[in-house]
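Trainee: The structure that follows is given in the form of structure tokens.
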Amino acid sequence: MKLSELWLRERIGSHIKLADLCQKLTLSGLEVESISPVVNHFSDIVVAEVLTVEPHPEADRLQVCTVFDGDITVSVVCGAKNVFAGMKAAFAKVGAVLPDGMKIRKAKLRGVVSEGMLCSASELELAEKSDGLIILPHDAPVGTSLREYMQLDDHVIEILITPNRGDCLSVDGLAQEISALISCTLSSLMIPEITPTQNHMLSVVVNEPDSCPRYVGRIIRQINVAAVTPLWLQERLRRSGLHTIHPIVDVMNYVMLELGQPMHAFDLAKLSGDICVRHARSNEKIALLDGREVTLNTNTLVIADQIGPQAIAGVMGGQFSAVTADTQDIFLESAFFQPQTIIAAVQNYQIASESSHRFERGVDPYIQKIAIERATQLILEIAGGEVCPMVEVQYDAQLPTHKKIILRSARLTKIIGLSISSETVFDIFTRLGFTARVIEAGWEVQVPARRFDIKLEIDLIEEIIRVYGYEKISPTSIVAHLQTNRLFESSQLFSAIVATLVAKNYHEVITYSFIDKKIQNLFDATLSPLELVNPMSSEMNVMRTSLWPGLIQVLQYNCNRQQTDVRIFESGNCFRQSTEQFVLAGLVAGSVLPLQWGVAERSVDFFDVKGDIENLLLLSGQSLADFSFQPLDHSALHPGQAASIYLGKHCVGRFGLLHPNLAKLLDLKGNIYLYELDVALLQKRVLPQMKELSKFPTVQRDIAILVDKSIPVEQIQATIFAVGGELLQSLTLFDVYQGAGIPLNKKSMAFSLMLQHVARTLTDDEVDNFMQNVYSVLQNVHAAELRSMT
Amino acid sequence: MTHMDLDLILQQAIDEITAASDLKTLNDARVTWLGKKSQIIAALKSLGQLPADERPLAGEKINLVRQKVQALLEERLAELNAQKIAEQLISESVDITLPGRCQKIGTLHPVTLTRNRIEKIFMQMGFASVTGPEIEDDFHNFTALNVPPLHPARAMQDTFYFADGSLLRSQMSPVQIRVMKQTPPPLRIIAMGRVYRRDFDLTHTPMFHQIEGLMIDENINFSGLKGILTQFLQAFFSKDVTLRFRASYFPFTEPSAEVDVACQSCEAKGCRICKYTGWLEVLGCGMVHPEVFHQVGIDSERYTGWAFGAGLDRLTMLRYGLTDLRALFENDLRLLQQFSGVIE
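Chain order of the listed sequences is A and B.
Heads up: the first sequence runs through residues 0 to 789, numbered per numbering that gives the first Met the number 0.
Heads up: the second sequence runs through residues 0 to 343, numbered per numbering that gives the first Met the number 0.
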């Protein structure tokens with residue numbers, strides 16, 4: 000909320016410095032977002048009287064005026080159409096500086112000397128645009144500085160009002176709050192009761208007392224259609240960020256800013272018959288003031304006449320019955336609508352207004368008559384008219400009441416952790432305008448109905464501590480019972496994986512959980528992803544089912560910035576058929592090692608990345624033999640370089656080369672390897688149990704065989720392990736060869752076997768027999784031919 | 000053998016051994032002068048042919064020569080060995096300024112660094128780190144947090160929805176609700192993770208990270224909350240930062256506060272980073288609202304609690320001097336590489 004410092008100061012009896020006041024407000028929960036001067040700097044602009052206006056001898060559009068600035072009379076050339084003899088105007092003397100920095104000089108305009116400038120509102124940056132000069136009131140004292148006359152040494156204070164403090168959305172409410180905070184007096188507004196001069200009344204029927212417990216209305220007739228909103232009122236609206244629209248509408252807005260009561264004025268001539276506050280009927284429509292036409296819901300509260308809805312209650316009036324330049328007779332509305340009713344309407348139609356903003360948060364249910372009297376007073380001042388009696392419909396049972404709440408002093412101390420003296424508490428309540436009575440347990444407090452935020456004891460506690468000052472509560476150390484959290488093996492695995500990846504030159508990235516549906520489909524057309532109803536953009540419209548698209552985007556981003564050696568990983572949730580799965584994914588592209596001396600440059604291949612993955616799998620504490628890599632058919636991966644990773648029967652991950660079609664589509668060059676691991680499935684972390692080491696020597700033997708090219712090495716290894724039994728300590732594949740000297744469709748593989756007996760030294764014969772046995776089994780099972788055995 | 004013969008042998012041996020410039024030549028000399036077939040050994044063997052009374056003197060003379068040759072051989076061997084090592088050392092010297100051959104070291108994302116750091120701080124105080132789903136229902140994200148459907152605070156956060164009415168959590172609080180429903184007090188937890196709001200500008204991304212903390216016990220109060228947050232922020236920034244608690248409003252806590260730290264780049268004098276206020280907002284906190292306790296079935300008369308929430312991304316930016324939030328999710332390797340070797 001924005002408002003003028005001077006307006007606020009009119010109401011509080013204190014000369015507190017602006018900065019101190021704002022600090023106080025900010026600390027107590029009304030955050031001051033900005034303080035700015037109401038107008039940019041200008042100088043030497045005064046109230047002047049235009050004495051004569053003559054046509055310019057050389058220019059049709061210009062006029063030559065004589066202007067008295069309080070000291071001297073000068074000749075001024077002026078282009079504005081609304082200049083007239085006898086008017087009071089804002090006059091920039093020779094030497095004056097305008098807000099935009101322009102300096103006024105004595106000049107000749109088409110042969111006529113001009114010594115100064117008559118100003119428009121926009122030239123003084125008092126309006127965005129203006130049509131002609133500012134016409135100052137007739138009683139404006141000539142010679143007075145405009146800054147002083149228009150009270151321009153003022154500031155706009157912008158305050159962030161939290162949703163609980165609807166009572167602070169007015170000058171009145173803020174003044175009340177400030178008086179509690181800085182303990183100063185409040186000067187109250189004098190609002191006279193106005194005696195009606197005519198007796199016209201619209202009868203008002205309220206069908207929905209739960210939604211509208213009070214409705215006050217009044218007719219004012221024969222207002223002056225030529226009336227204009229006075230400058231002071233225009234300025235106050237402007238300083239609160241509102242535009243001048245029409246004198247009647249301006250008064251409605253002014254009273255809303257002043258008292259917090261939203262009001263509406265109908266053109267009486269456009270209303271047919273009496274007023275009914277009711278729910279909309281099915282298929283009723285209304286064209287609203289903002290130009291929108293909406294079909295109303297049957298649970299929307301409307302203000303209707305005999306013909307149909309003329310306003311959505313508390314939110315916005317209709318165009319048909321709006322006040323216009325021709326309006327002579329008006330019907331004023333000042334009502335109390337329940338917050339829930341208004342919130343529902345705002346959510347329903349997605350319309351918000353200054354009015355709904357206040358009703359949603361709660362308007363004082365006891366100020367409707369005061370507000371209508373205040374508006375009447377101002378309308379009479381500005382536009383005259385004949386005042387008719389007030390109509391009031393009131394349902395006491397439905398009106399919010401002044402609540403009585405008990406505050407226990409023990410509870411206050413328990414929540415704050417500090418004892419505040421009874422006198423201080425009592426004083427704070429009094430300053431807030433609450434009525435407190437001391438009782439045995441503490442206080443019984445009566446809270447004004449305008450404080451919608453106060454319903455419970457805790458709300459009173461908050462008021463006390465807020466006004467008392469958070470800064471006066473000293474921090475203490477909490478005394479608590481020592482308790483450890485168990486360190487689960489499963490929770491260690493993930494940090495070990497991450498640390499290993501970092502050690503292997505992977506960079507961790509974080510990408511959005513929502514991605515472009517089109518990209519998602521490229522990576523997995525079989526899963527239909529969860530779609531957002533209200534996405535930020537079409538590039539973020541579905542929840543990812545895989546981390547790969549995000550990693551690919553990071554790759555693209557970096558490739559576009561000449562970073563082509565990319566090793567990245569991300570961990571996070573994937574959203575697959577309404578389950579959230581925690582996944583770790585990696586992407587590797589470019590060189591296997593950073594460019595350096597003494598190492599031949601080489602692009603990363605399948606087995607470089609597989610090595611990384613195997614290292615990660617080993618962190619689970621299980622041996623590689625527990626895992627298997629099986630061929631995978633995946634639309635995003637190269638069919639000849641794609642694998643599922645199994646732990647026993649469970650698939651725990653996927654890995655492969657980005658499909659060349661997809662790479663081409665995404666305009667990516669070089670081989671890109673992708674993998675993902677379902678960490679949760681790996682989390683059966685096995686603790687190593689120490690085995691005693693054999694004291695007897697080990698024997699190393701090698702065997703090289705020729706087998707069919709299509710036989711996976713995993714099968715051959717399994718065969719050797721099966722034959723090896725307890726003697727075989729380890730088996731290492733150290734060479735794979737195809738090509739010259741090897742028949743087509745065959746491959747040569749060389750294994751190194753480490754043998755050891757737990758209880759004795761192995762003899763040469765034993766070892767020879769062992770190796771012979773290994774070979775004959777390989778021969779039988781895989782039709783292996785022996786190349787060498789050493 | 001005569002005197003003259005022995006002297007001649009000795010002289011020849013000396014000449015030959017001294018001239019030996021490598022181990023092989025030296026070994027040849029050893030064979031020549033002290034080998035089984037050498038003159039010296041032959042002379043010793045032939046001592047028996049001398050008359051018995053001449054033998055001792057002759058033997059002594061020959062042995063003397065033998066010892067001299069032996070000593071000379073050893074001396075020369077040591078010299079040649081030293082020479083060889085010296086040559087080896089010279090030939091094996093490298094340019095030690097050549098860079099080492101290696102894979103580089105990767106990095107953790109700065110938000111993860113912040114997350115790990117905060118987790119450590121709270122672990123020290125016996126807090127458990129908990130998690131929960133990112134797709135939530137209305138009850139856990141709003142209603143249980145004292146934000147029923149027709150509540151003006153609903154407009155404070157613009158939330159992402161799915162067709163079935165479920166939503167992306169807009170805060171970490173639903174995790175607190177789930178823990179409170181499951182575990183009876185006393186409770187000491189933190190929850191960190193991704194949260195989502197429909198906002199995208201210089202200081203907002205539609206996805207960001209939050210930490211929330213919750214402590215419930217029989218003696219929890221606002222003064223203790225001030226204490227623990229002071230300790231937390233001082234531990235996080237590793238210095239005595241000045242804190243300011245401002246009254247504020249959150250539906251799920253009361254009393255509520257926003258916590259500002261004195262701007263460190265201008266020492267609270269006012270600069271561009273703190274928008275000339277001298278303060279930077281870092282977290283929101285408050286005492287758990289009795290209505291929240293009611294929703295999860297905790298006796299609010301017996302137990303009180305506090306909760307706080309902070310943006311991990313914002314804390315990351317403050318700690319590492321980052322000015323554009325969006326850069327955290329662009330994952331530019333040149334930016335990430337600046338965190339190489341940073342461990343938390």
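Quick reminder that beta carbons are idealized off the backbone N, C-alpha and C, glycines included.
Since the structure is predicted, the reported quantities are computational estimates derived from the model, not experimental observations.
#1: What are the start and end residues of each continuous alpha helix (DSSP H) run of 4 or more residues lying completely inside the stretch 444–493 of chain A, in chain order?
#2: Against residue 26(A), what residues of chain E qualify as contacts under a CB-to-CB distance less than 7 Å, listed in chain order?
#3: Shorter than 8 Å from the beta carbon of residue 748(A) to some beta carbon of chain B?
#4: Taking the alpha-carbon of residue 341(B) as reference, which of 117(B), 112(B) and 79(B) has the nearest alpha-carbon?
#5: Closest to residue 446(A) by CA distance: which of 112(A), 399(A), 492(A) and 465(A) is it?
#6: State the Cα-Cα distance for the pair residue 162(B) and residue 129(B), rounded to the nearest angstrom.
#7: In the DSSP assignment, find the alpha helix (DSSP H) that holds residue 115(A) and state where it starts and stops.
#8: Could you pull the DSSP bridge partners for residue 156(A) from this structure?
#9: With a cut-off of 8 Å, does the C-beta of residue 218(B) fall near any C-beta of chain A?
#10: Can you name, in chain order, every residue of its own chain whose Cβ lies under 7 Å from the Cβ of residue 76(A), other than the five neighbours on each side?
#11: Please report the straight-line C-alpha distance between residue 724(A) and residue 737(A), rounded to a whole angstrom.
#12: Rounded to whole angstroms, what's the CA-CA distance from residue 415(B) to residue 295(B)? Just pull it up for me.
#13: For a contact meaning CB atoms closer than 9 Å, what does residue 593(A) contact in chain B?
#14: Beta strand (DSSP E) containing residue 725(A): first to last residue?
#15: Can you find the residues in the same chain that come closer than 8 Å, C-beta to C-beta, to residue 323(B), ignoring five residues on each side of it along the sequence?
#16: With a threshold of 16 other CB atoms inside 10 Å of the CB of residue 649(A), please say whether the residue is buried or exposed.
#17: Sort 14(A), 323(A) and 144(A) by Cα distance to residue 226(A) and report the nearest one.
#18: Since residue 474(A) meets chain B, which of its residues come closer than 7 Å, beta carbon to beta carbon?
#19: Considering only the alpha carbon of each residue, which of 297(B), 265(B) and 45(B) lies closest to residue 320(B)?
#20: Taking the Cβ atom as the reference point for each residue, do residue 451(A) and residue 165(A) lie within a distance shorter than 8 Å?
#21: Rounded to the nearest angstrom, what separates residue 261(B) and residue 547(A) at their Cα positions?
#22: Is it true that the CB of residue 532(A) sits closer than 8 Å to the CB of residue 160(B)?
#23: Output, in chain order, the set of chain B residues within a Cβ distance shorter than 9 Å of residue 464(A).
#24: By DSSP's criteria, residue 54(A) is part of a beta bridge. Which residues make up the other side?
#25: Can you find the residues in the same chain that come closer than 8 Å, C-beta to C-beta, to residue 782(A), ignoring five residues on each side of it along the sequence?
#26: For residue 197(B), which residues in chain A fall below 8 Å Cβ to Cβ?
#27: Between the stretch 328–336 of chain A and the stretch 209–220 of chain A, do three or more beta carbon pairs fall short of 8 Å?
#28: Round the Cβ separation of residue 465(A) and residue 27(A) to the nearest angstrom and send it over; I've been treating them as touching at under 8 Å.
#29: Is the beta carbon of residue 103(B) less than 8 Å from the beta carbon of residue 593(A)?
#30: Quick one: grab the DSSP three-state call for residue 74(A).
#31: Taking DSSP as the reference, what is the three-state secondary structure of residue 426(A)?
#32: Cα separation between residue 327(B) and residue 166(B)?
#33: Are residue 381(A) and residue 184(A) close, meaning C-beta to C-beta below 8 Å?
#34: Is residue 344(B) close to chain A, meaning its C-beta is less than 8 Å from at least one C-beta of that chain?
#35: Are three or more beta carbon pairs between the stretch 305–318 of chain A and the stretch 344–364 of chain A nearer than 8 Å?
#36: Would the beta-carbon of residue 153(A) fall within 8 Å of that of residue 238(A)?
Mentor: Here's the rundown:
#1: 456–467
#2: In the structure shown, chain E does not exist; the protein chains are A and B.
#3: no
#4: 112(B)
#5: 399(A)
#6: 28 Å
#7: No alpha helix (DSSP H) contains residue 115(A), which DSSP labels as neither H nor E.
#8: 2(A) and 34(A)
#9: yes
#10: 55, 61, 63, 108, 111 and 113
#11: 30 Å
#12: Shown here, chain B extends from 0 to 343; a query on residue 415(B) therefore has no answer.
#13: 101, 102 and 103
#14: Counting along the chain, residue 725(A) falls outside any beta strand (DSSP E), and DSSP gives it neither H nor E.
#15: 201
#16: exposed
#17: 323(A)
#18: 222, 225, 226 and 229
#19: 265(B)
#20: yes
#21: 41 Å
#22: yes
#23: 221, 246 and 254
#24: 62(A)
#25: 706 and 707
#26: 533 and 535
#27: yes
#28: 5 Å
#29: yes
#30: strand
#31: helix
#32: 24 Å
#33: no
#34: No answer is possible for residue 344(B): it lies beyond the span of chain B, which begins at 0 and ends at 343.
#35: yes
#36: yes
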